[in-house]
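Asker: Under the working numbering, the first residue of the sequence shown carries the number 617, and numbering increases by one thereafter.
Here a beta-carbon is modelled for each residue, glycine too, at the ideal position from N, C-alpha and C.
Bear in mind that the values here come from a model prediction, so they are computed numbers and not experimental data.
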Amino acid sequence: MKKREQGMIVVALMFLFGASGLAVSQGIPSQRHGGLVLKDLPIPKGARVIGLEVHLAAGAFDSLAEIPVGWHVVVDNDPSWQANFEAHASAGAEGLDESTVQNLWLEVIKNEVGDRKFIASGWVILTSNAEKERRIPLSSYNFDFVERYPRHRLHDPDAPGHWR
């Protein structure tokens, strides 16, 4: 092989590996599906949750289940991966107790790209009587993301149906 051909191959390989490195540095989308659960909520004894707002950066809501009767729910999944979830008890509807809120599961998609990180925030609206409401802010520390499929069952030797 001539030196010129060898040089062209080296340049082509450098371009190929350089382009893939650039793609990684630009941030290939990393979409992860899972559930968002609330934790460490400062709900006083006897208080009921009559509203919940969750705002996502670099994420979207995938699905909702077990919406309480009498609750008004609005989900806005913006194409910019900024999403909002708002749920409020209608007049006459029952508020949620602490254990119900702790077991709430919101299916979400994380879409972290480059320096955009997944952030969850929001508000819990409480009442201990029908007249006085209190809004408690929520930060990312109040949420846990539980990945839906952390490992495929074919790669997990302890999973049922694994081929041994």
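Candidates N758, S646, N727 and T743: which alpha carbon is nearest S696's?
Answerer: Comparing Cα-Cα distances from S696 to each of N758, S646, N727 and T743, the minimum goes to N727.
Asker: Please work out which residues of its chain come closer than 7 Å, Cβ to Cβ, to D692, disregarding the five sequence neighbours upstream and downstream, and give them in chain order.
Answerer: Answer for D692: A699 and N700, listed in chain order.
Asker: Below 8 Å on the Cβ atoms is my guess for L657 versus E714; work out the distance and round it to an integer in Å.
Answerer: Confirmed, about 7 Å.
Asker: Rounding to the nearest angstrom, what Cα-Cα distance links Q642 and I725 in this structure?
Answerer: Residue confidence is low: Q642 scores 49 on pLDDT, short of 50, so the model does not pin down where it sits. Its coordinate-derived value is still stated next. Going from the Cα of Q642 to the Cα of I725 covers about 20 Å.
Asker: Touch check for the stretch 703 to 722 and the stretch 663 to 679: three-plus C-beta pairs under 8 Å?
Answerer: Touching, per the Cβ criterion.
Asker: Going by DSSP, what residue range makes up the beta strand (DSSP E) through V690?
Answerer: First-last of the beta strand (DSSP E) with V690: W687 to N693.
Asker: Whose C-beta lies closer than 8 Å to the C-beta of A639 among residues of the same chain, with five residues either side of it excluded?
Answerer: Residue confidence is low: A639 scores 47 on pLDDT, short of 50, so the model does not pin down where it sits. Its coordinate-derived value is still stated next. Hits under 8 Å: none found.
Asker: DSSP state of E710, grouped into three classes?
Answerer: DSSP places E710 in coil when its eight states are reduced to three.
Asker: Under the three-state reduction of DSSP, which class applies to N727: helix, strand or coil?
Answerer: Strand, per DSSP.
Asker: From the DSSP output, which residues share a beta bridge with P684?
Answerer: P684 is not bridged to any residue.
Asker: So, do the stretch 730 to 746 and the stretch 670 to 690 have three or more beta carbon pairs nearer to each other than 8 Å?
Answerer: Output reads yes: the stretch 670 to 690 touches the stretch 730 to 746.
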